[in-house]
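K.L.:
The structure that follows is given in the form of structure tokens.
In the working numbering, the protein residues as written are 181 to 598.
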């Protein structure tokens, strides 16, 4: 038996509580108005949602007749609240039975706790949610299911249609009550693209997926068809213990950002260099090296152009910023059209392996690389002790550079500690 607990309008609720307001009465959005009116609301209070305002709308889409409070994102504060709420879970459940899905949502395997507490899953869920309210003032909703998928669907769909906002599903109840539910995009892991492909063959419900020819689904979706078919029957074999012990066969790290204006070709190269340099420090901190780099560049929104995309192999696995930044610069100039401005950039370090796999060739001096590596470690130590902006490179001070600003953010949003 699983619980899936979600913190109601989490960021907005935190901002309301910090102001002594009731999230169910105060119209509040979380958005950085210092950007533009096109900025996306990170969250909206239940009160303003009830007026038809979406939690992920853009600021200019909010009707002019609605008065509201705009709270600037404070990601450090939200993480602090999230940590306090996690401590509430730990009062009742071992960390081995908790899977943190996001900053405001967790899965909990309560199978072995029901006998101990002499409670039903619903009673245990209510006890935990009541403690969250008492500890932080944050209201939570809950889905209960006989596997993680059903707990998630009970939260996302079923809980919305019952008075106590606590959904419950078994495989049998799922088939009885949700097989003909629409739209398919309300179901976890079915996005607009998947739904559109299913609609092209006349499938609009979970019942139709369950009854469809499996060979046809595998032909359309490959191995992902197995997940689609299992979920159509309400089946999910993965356990939290499986997630805890999972080790990917290959790793990658990435950095991406959406810029607040269009950047000319040379300005864009600076942004990509900054992002790559910071990723190199991340590699050193992990004691890893990378074998290849992928770059994805999105052009100005006004151009409606397909993004530029390309990869390059490094001469050998390394974490050297000197070697990697040079390779990324060449890749940038190769794939991006210099005549069109950039608006988005994503850098991927592929095939991350431990430093023991690092190799050299006859064209590099191992001693030079060792000196650079030691310098990178020293930079990491200084940043760790005195803050991310304690030591900077000259390029970080150039016009248009973003590192200083991004170092004061968490997840691309203001930390609130500037």
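Where a beta carbon is used, it is the ideal one built from N, C-alpha and C, also for glycine.
Here's a check: name, in chain order, each residue in its chain whose Cβ is nearer than 8 angstroms to the Cβ of residue 338, leaving out the five neighbours to either side.
P.N.:
323, 347, 348, 349, 357, 358
K.L.:
Output yes or no for whether 8 angstroms exceeds the beta carbon distance between residue 221 and residue 196.
P.N.:
In this structure, the beta-carbon distance from residue 221 to residue 196 does not fall below 8 angstroms.
K.L.:
Are there 16 or more other CB atoms within 10 angstroms of the CB of residue 194, so buried, or fewer, so exposed?
P.N.:
buried
K.L.:
Taking residue 422 as the reference, which of 476, 499, 360, 276 has the closest Cα?
P.N.:
Closest in alpha carbon position to residue 422, among 476, 499, 360, 276, is 276.
K.L.:
If you run the structure through DSSP and keep just helix, strand and coil, what is residue 372?
P.N.:
helix
K.L.:
I'd like to confirm the pairing. Which residues does DSSP put opposite residue 185 in its beta bridges?
P.N.:
286, 322, per the DSSP bridge assignment.
K.L.:
For residue 279, which residues does DSSP report across the bridge?
P.N.:
Answer is 287.
K.L.:
Which same chain residues end up closer than 6 angstroms to residue 501 when comparing Cβ atoms and leaving out the 5 residues on each side of it in sequence?
P.N.:
Excluding residues up to 5 positions away in sequence, 457, 460 lie with their Cβ nearer than 6 angstroms to the Cβ of residue 501 in the same chain.
K.L.:
Taking the alpha carbon of residue 269 as the reference point, which residue from 295, 305, 247 has its own alpha carbon closest?
P.N.:
Looking only at 295, 305, 247, the smallest Cα-Cα distance to residue 269 is reached by 305.
K.L.:
Would residue 507 and residue 492 be called neighbours here (beta carbons separated by less than 8 angstroms)?
P.N.:
yes
K.L.:
Taking C-alpha atoms, which residue in 466, 366, 401 lies nearest to residue 381?
P.N.:
For the set 466, 366, 401, the Cα lying nearest the Cα of residue 381 is the one of 401.
K.L.:
Looking at C-alpha atoms only, which residue of 341, 419, 289, 531 is the closest neighbour of residue 433?
P.N.:
531
K.L.:
Thinking C-alpha only, which one of 439, 410, 416 is nearest residue 586?
P.N.:
439
K.L.:
Is it the case that the Cβ atoms of residue 182 and residue 288 are separated by a distance below 8 angstroms?
P.N.:
yes
K.L.:
With residue 284 and residue 262 assumed to form a contact (beta carbons below 8 angstroms), what rounded beta-carbon distance in angstroms separates them?
P.N.:
7 angstroms
K.L.:
State the Cα-Cα distance for the pair residue 214 and residue 253, rounded to the nearest angstrom.
P.N.:
11 angstroms
K.L.:
Which of helix, strand or coil does DSSP assign to residue 415?
P.N.:
coil
K.L.:
For residue 278, which option in 396, 518, 505, 424 has the closest C-alpha, if you only look at C-alpha atoms?
P.N.:
424
K.L.:
Just mark residue 186 as buried or exposed, buried being the case when its beta carbon has 16 or more other beta carbons within 10 Å.
P.N.:
buried
K.L.:
What are the complete alpha helix (DSSP H) segments, minimum 4 residues, inside the stretch 195 to 253?
P.N.:
Along the length of the stretch 195 to 253, whole alpha helix (DSSP H) runs at least 4 residues long occupy 226 to 229, reported in chain order.
K.L.:
In terms of alpha-carbon separation, which member of 489, 377, 449, 336 lies closest to residue 325?
P.N.:
336
K.L.:
Taking the beta carbon of residue 189 as the centre, do at least 16 other beta carbons fall within 10 Å, making it buried, or is it exposed?
P.N.:
With 16 or more Cβ atoms within 10 Å of its Cβ, residue 189 is classed as buried.
K.L.:
Determine the closest residue to residue 344 out of 391, 319, 295, with distance taken between C-alpha atoms.
P.N.:
319
K.L.:
Pick out the complete beta strand (DSSP E) segments inside the stretch 507 to 538, 3 residues or longer, and give them in chain order.
P.N.:
Fully enclosed beta strand (DSSP E) runs of 3 or longer: 522 to 534.
K.L.:
Whole angstroms is fine: what's the gap from residue 575's alpha carbon to residue 265's?
P.N.:
Spanning the two alpha carbons is a distance of roughly 40 angstroms.
K.L.:
If I'm right that residue 450 touches residue 515 with Cβ under 8 angstroms, what's the distance once you round it to whole angstroms?
P.N.:
The Cβ separation is near 17 angstroms, so there is no contact.
K.L.:
Can you look up residue 448 in the DSSP assignment and give me helix, strand or coil?
P.N.:
helix
K.L.:
For residue 416, which residues of its own chain have a beta-carbon under 8 angstroms away from its beta-carbon, when the five flanking residues on both sides are left out?
P.N.:
327, 328, 329, 330, 410
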